[in-house]
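Contents: one structure, followed by commentary.
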Amino acid sequence: KRFCMQPAVKYADKVIVQSDNEKQQYIRYISPNKVAALGSPKIDRVLYTEKHKPDIPDDWKDIIGKRKVILYNTSITALLEYGNKMINKLKYVFTCFENRNDVVLLWRPHPLNEFTISSMRPDLLLNYRRLVDEFKTKKFGIFDDTADVETAISLSDSYFGDVSSSLVYLYGVTGKPVMLQDVSIDREPIEEELKTDWFGMAEFDGEYAWFSSGTHN
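Just remember that the numbering used here sits 192 ahead of the position in the sequence shown, which is counted from 1.
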């Protein structure tokens, strides 16, 4: 309600909202003639580049070859929250993709990562810089620090990374697979761990127990 009654909304000649559902919320408080559901420019741009694929940057072509591209997105939130655990997670992910012939990692760290941790978590700065340098030197994959996120979304085949990033939702509208990372998994699981599972509830049909796994895909 408070968003629908802000002064900017009240005194505007036209209010543009993202969907018809949002429009129905707004017209409870202001005239329906003022509200237009025109969608999201960000989403429109993503869908446009999905249909009209951009050219692959020259420095990406040799790295990609004929392999599938996994967009690996890491956020500021994860670095601040998990600290060195996140650093270890990054190292583990890179080793998983090293020397793979079928897939290549397109790492897109948040552009403000280094600036933010230098001011809020300076203890992480040196390790983070070393990790970035190692990724670029050993060429584990593509390091994407461009301003155009739509290119990375369009040219990749699936998303892997943090749930706290708005990029998850942008990527979701493409219909391509999205996998969210678990920062606590920073090594190859041992055999005993692969044999165990946990779940919150289950449905029994007389022969099988059906449940959503808390450990496995």
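C-beta: ideal position from N, C-alpha, C; glycine also.
Fair warning: this is a prediction, and the values are worked out from it, not measured in the lab.
Same chain, Cβ closer than 6 Å to residue i, neighbours up to 5 away in sequence not counted
{"i": "I279", "result": "N319"}
{"i": "Y264", "result": "L297, W299, F352, G353"}
{"i": "K245", "result": "S346"}
Exposure of residue i, with buried meaning 16 or more beta-carbon neighbours within 10 Å
{"i": "H302", "result": "buried"}
{"i": "L316", "result": "buried"}
{"i": "A344", "result": "buried"}
{"i": "D336", "result": "buried"}
{"i": "I183", "result": "No statement about residue 183 is possible, as the shown extent of the chain runs from 193 to 409 and does not include it."}
{"i": "T241", "result": "buried"}
{"i": "L359", "result": "buried"}
{"i": "T388", "result": "exposed"}
Reference residue i, options the options, closest by Cα
{"i": "S311", "options": "I268, K258, R292", "result": "I268"}
{"i": "D378", "options": "K193, V285, N293, K234", "result": "V285"}
{"i": "V261", "options": "I219, D294, L323, K328", "result": "D294"}
{"i": "K281", "options": "D374, E214, F403", "result": "D374"}
Residue i versus residue j - alpha carbon distance
{"i": "R313", "j": "L272", "result": "7 Å"}
{"i": "T338", "j": "K253", "result": "16 Å"}
{"i": "Y363", "j": "K243", "result": "14 Å"}
{"i": "D224", "j": "I235", "result": "At residue 224 the sequence reads Pro, which differs from the Asp that was named. Their Cα atoms are separated by approximately 24 Å."}
Chain-order list of residues whose beta-carbon lies under 7 Å from that of residue i (same chain, five-residue window excluded)
{"i": "W390", "result": "G406, T407"}
Rounded Cβ spacing between residue i and residue j (contact assumed at less than 8 Å)
{"i": "Q210", "j": "G231", "result": "6 Å"}
{"i": "A270", "j": "S376", "result": "Not really, about 12 Å apart at Cβ, beyond 8 Å."}
Own chain residues within Cβ distance below 8 Å of residue i, not counting five before or after
{"i": "M167", "result": "Since the first and last residues shown for the chain are 193 and 409, residue 167 lies out of range."}
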